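Counted the way my numbering counts, the sequence shown spans residues 295 to 551.
Here's the structure we're looking at; comments come further down.
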Amino acid sequence: MRLAEQVALITGGASGIGRETAKIFVREGAKVVVVDVNDAAGEETVAELRELGGKAVYVHADVSKAADAENMVRVAEATFGKLTILFNNAGISHIDDDDAVHTEEDVWDLTFAINVRGVYLGCKYGIPALRRAGGGSIINTASFVAILGAATPQLAYTSSKGAVLSMSKELAAIHARENIRVNALCPGPLKTELLMKFLNTEERRQRRLVHIPMGRFGEAAEIANAALFLASSESSFVTGATFLVDGGITCAYTTPL
Ligand code: NAD
C-alpha cells in the first residue's frame, strides 16, 4: 500500500476532491482526518471510509479560524499519534464573485479568508506537527486559474488561488531541508458542485469547455489520484511544483474543433 503508516488530514474532506481523496487514501493504508464545516456530509464520509475498512475521524473546523485549525491538528495527533500528510483543500467559489467592478468587498474578504488564510493557518498549525513526525507532505489545492485566469470572471477566486500557488512555492523553499515537501495541486475545471454551481447555465459551461482540449470536465477522482502521488513517497523529489491536472487546458490557446 502506497500510504501505509501515514496519517492524513484533509480539509474540505466531506465533498468533491477532498472526499474522493479520503477514499483513495484509506484504500492505500492511510488513517484519515476528515475536516469540514458540513458536519452531516463529514460524518457520512467517515462512515463510508470505515465501510471501506479505513480508520477515519471527522473534525468540524472552519479553516479560516485559527482556533479551529489548531484543534484539527490537535485531534489528528491525539487520535492517530502523528500527522504526516496535510491536504489544505477546502475552498469556496462565491456565486457573486465577478469582475473588479461588480465583486463586493465582503465576497472578496470571505474568499480570501477561506481560500488563502485557511491554507496559511493549516500550515501554521500543521507544520509543527509534521516536524514532530519527522517530515511529511503538504498539498495545497490551487487551480489552473492561478496560471491562466478564468474565462468567466471570478476575480476574488482567481486571485486567491494565485496566492495559494505562490505561498506553496515559498513554503517549499523554507521547509525543503526539513523533509517537508509542499506542492500546489492545480485542478482544471471539474464536474463537482463547486464549479457547476458557478457555471450554472449551458452558455457558461460551453464557454469553459471550449478551452479544454479533452472537451470534458474532469472528475474529482482524477484529482485525488494526483493527490495520492504527491502524498506518497513516489514524489519524494517533487517540491514547490505547480502540479497541473487540467485536461490540457494550459497547453492550448483554443480548442481545434
Ligand atoms: P466542493 O465544494 O465539492 O468541496 C469543498 C468542501 O470544502 C465542501 O465540503 C465544503 O463544505 C468545504 N468547506 C467550505 N468552506 C470551508 C471552511 N471554511 N472550512 C472547512 N471546510 C470548508 O469543491 P471541490 O471542487 O471538491 O473543491 C475542492 C478544492 O478544489 C477547492 O479549493 C477548490 O477551489 C479547488 N478547485 C476546484 C475546481 C473545480 O472545478 N471543482 C477546480 C480547481 C480547483
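A virtual CB, placed ideally from N, CA and C, is assigned to each residue, including glycine.
None of these values were measured; they are calculated from a predicted model.
field: For Ala478, the nearest candidate out of Arg313, Asp392, Lys455 and Phe511 (CA to CA)
entry: Nearest in C-alpha terms to Ala478, of all of Arg313, Asp392, Lys455 and Phe511, is Lys455.
message: Below 8 Å on the Cβ atoms is my contact criterion, and I expect Arg501 with Thr446 to pass it. Report the Cβ-Cβ distance as a whole number of Å.
response: Their Cβ separation, rounded to whole angstroms, is 6 Å, which keeps Arg501 and Thr446 in contact under 8 Å.
Contact set for Ala515: own chain, Cβ-Cβ below 7 Å, skip 5 residues either direction: Counting only Cβ-Cβ distances below 7 Å, and skipping sequence neighbours, we find Glu314.
query: Which one or two residues does DSSP pair with Ser431 in a beta bridge?
result: DSSP lists Ile379 and Arg475 as partners of Ser431.
- request: Taking 8 Å as the threshold, find out whether the segment 519-536 comes into contact with the segment 418-436 through three or more Cβ pairs.
  value: With a cut-off of 8 Å, the segment 418-436 and the segment 519-536 count as touching, because enough Cβ pairs lie within range.
- request: Measure the beta-carbon distance from Met366 to Ala384 and round it to whole angstroms, keeping in mind my assumption that it falls under 8 Å.
  value: Actually they do not touch by this definition, with Cβ atoms about 10 Å apart.
- request: Look at the Cβ atom of Leu303, then the Cβ atom of Ala360, and state whether they are nearer than 7 Å.
  value: Taking the C-beta atoms as reference points, Ala360 is found no nearer than 7 Å to Leu303.
query: Using the rule of at least 16 other Cβ atoms within 10 Å of the residue's Cβ for burial, across every protein chain shown, is His388 buried or exposed?
result: With 16 or more Cβ atoms within 10 Å of its Cβ, His388 is classed as buried.
- prompt: Relative to ligand 1, is the shortest distance from any of its heavy atoms to the C-beta of Val369 smaller than 6 Å?
  reply: At a cut-off of 6 Å, the beta-carbon of Val369 does not count as near ligand 1: no heavy atom of the ligand is closer than that.
- prompt: If you draw a straight line from the alpha carbon of Thr378 to that of Ile421, how long is it in whole angstroms?
  reply: If you take the alpha carbons of Thr378 and Ile421, they lie about 9 Å apart.
query: Taking C-beta to C-beta, are Val357 and Gly412 nearer than 7 Å?
result: A contact, by the Cβ cut-off of 7 Å.
- request: Please report the residue range of the alpha helix (DSSP H) in which Thr536 lies.
  value: First-last for Thr536: Thr536 to Val539, but that is the beta strand (DSSP E), not the alpha helix (DSSP H).
Contact under 7 Å by Cβ, Ala450 with Thr397: Yes, the pair counts as a contact, with Cβ atoms nearer than the cut-off.
task: Pull up the distance between the alpha-carbon of Trp402 and that of Leu489, whole angstroms please.
output: Near 17 Å, if we compare the C-alpha coordinates of Leu489 and Trp402.
message: Buried or exposed, going by whether 16 or more other CB atoms sit within 10 Å of the CB of Asn336?
response: Checking the sequence shown, residue 336 turns out to be Gly, not Asn. Looking at its Cβ environment, which holds 16 or more other Cβ atoms inside 10 Å, Gly336 is buried.
message: Are the CB atoms of Ala316 and Gln300 within a distance shorter than 7 Å?
response: For the 7 Å CB-CB criterion, Gln300 and Ala316 do not form a contact.
field: Among Ser529, Asp393 and Val327, nearest to Ala363 - alpha-carbon criterion
entry: Closest by alpha carbon: Val327.
field: Three-state class that DSSP yields for Ile408 in the structure shown
entry: Three-state result, Ile408: helix.
field: Reduced DSSP category for Gly310 - H, G, I as helix; E, B as strand; rest coil
entry: The answer is helix: DSSP assigns Gly310 an H, G or I state.
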